[in-house]
Amino acid sequence: MIYRFADCSIDTGRHRFTRGGATLHLEPQVFALLAELAQAGGALVSKDRLIETVWQGLAVSDATISARISAARAALGDTGRDQRLIRTVPKRGIQLLPEVTTDAPAPIEATGGGREAPPIRFTQARDGATIAHSVSGSGPPLLRAGHWLSHLELDWRCPVWQPFLTRLGGDFTLCRYDQRGTGLSGRDLENVGVGDFADDLRAVADAARLDRFSIFAASQAVPVAIRFAARHPERVSRMVLYGGYAKGRSLRPKQPGDIDEETMLGLIRAGWGQADSAFFRAFVSLFMPDGTPEQVASFARVQSQSITPENAARLRRAVDRFDVADDLDRVRAPVLVVHARGDAIQPIAQGQLIASRIPDAEFMMLDSRNHVPLPQEPCWTQLMDAVSEFCLRAE
């Protein structure tokens, strides 16, 4: 349902909030709070009701509730002093003051046959971080680990990712999620390491009721999947690891052609979120030098809307320090390691290292220079066929 009030709208089905025609990212709890107020249609919403719907009945402090209300006001352009749009009634609750109208959601635009995006759900990681996830398709379970960078809603309409998701959903029940700090997940990125991201993967698998499943992991998700598989071998049937690494670029000796951390951070700081920025386009082109203008523009949009510039830099620093070299020989599942020959983001030597150290691993090299697989490349079909064939062997 879409709720409209003042110059704002909130689409609960697509998890989208707009103000003045612009889509704004909201923390999941702030979105849920605004949705509850809109659904109440001007009626008072009590503190107990907010705790039940926004925090699923968990014990939360008054300070936490007040902080989310303040964030909701800020999203609407309101303040606690003015209370033009959200009013607090002491000891009774809060209410949305503008008139609320509703209408049915518009069908979601998709590049593949107008299919609607699957519903988005939320779960909490062990440390309380909120993780957005979604399930689509049918068949044996395949979990696509969260990577740099995703957005559950925008990915579904992106010409880079939509064919990929559609193809996997044709063979598998595909579970995917936005890693913490990105997309529709919470922005918790303080003092995080690869173990925290592995815990997030487990939280999503638990929420989706996946007992034993295959994993597709790309780029920075590869060390996350390796850590999870080493810790929980009983839950992983097979893994496909694409374009990944065992040691982050800050921990390994620099090789010819490597892109150092400061170069990456410099591009992020110079133009993040500015789709027409030469710096931002340069950053995107590192991931997909053979992308079409449409693909580059769409990919840039996903990147810029998935994460703030500050969190992009913070996440980049974290993933550049992932180290799972000591986990490799503890992975018991069969693994297919895939790497593009000319990958500029992660050198092929890292893929070869992973394949040489995991006991039951196969290695496959793609004739490509793109870190992100592109549907128009001949090797894209080769990759997708290999993923399906390898993971379906378990069945």
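Residue 96 is where the sequence shown starts when you use our numbering, and the numbers rise one by one after that. All residues carry an ideal CB built from backbone N, CA and C; glycine is no exception.
The beta carbon of K349 sits closer than 8 Å to those of D355, all from its chain and outside the five residues before and after it, given in chain order. Contact annotation, Q178 with Y340: C-beta distance approximately 51 Å; criterion of less than 8 Å not satisfied. About 7 Å separates the beta carbon of L128 from that of I164, a gap short enough to meet the 8 Å contact definition.
For A312, the pairing in a beta bridge is given by DSSP as L336.
Looking at T159, S141, A439, P185, the one whose alpha-carbon comes closest to that of R344 is A439.
Residue range 456–461 is occupied by the beta strand (DSSP E) that includes A456. Of A227, T277, D283, the smallest CA-CA separation from R271 is found for A227. Counting along the chain, P348 sits inside no alpha helix (DSSP H), nor does DSSP assign it H or E at all. Judged by beta-carbon spacing, N465 lies beyond the 8 Å limit of G276, meaning their Cβ atoms are not closer than that value. When DSSP states are grouped into helix, strand and coil, F267 belongs to the coil group.
For the 8 Å CB-CB criterion, L132 and V125 do not form a contact. Between D415 and E484, the alpha-carbon positions lie close to 31 Å from each other. With respect to the C-alpha of S401, the residue from S245, D462, S309, A117 having the closest C-alpha is S245. The three-state secondary structure of G188, taken from DSSP, is strand. The beta carbons of S229 and R216 sit closer together than 8 Å. In the DSSP assignment, L237 falls within the beta strand (DSSP E) that extends over 236–239. Just measuring C-alpha positions, the residue of V184, E248, A101, S372 sitting nearest D173 is A101. Approximately 7 Å separates the beta-carbon atoms of R376 and V391; this is inside 8 Å, confirming the contact.
L336 and D418 do not touch by the CB rule: their CB atoms are close to 16 Å apart, not below 8 Å. DSSP places R111 in the strand class (E or B) of the three-state scheme.
Counting only the Cα atoms, T148 lies some 35 Å from V317.
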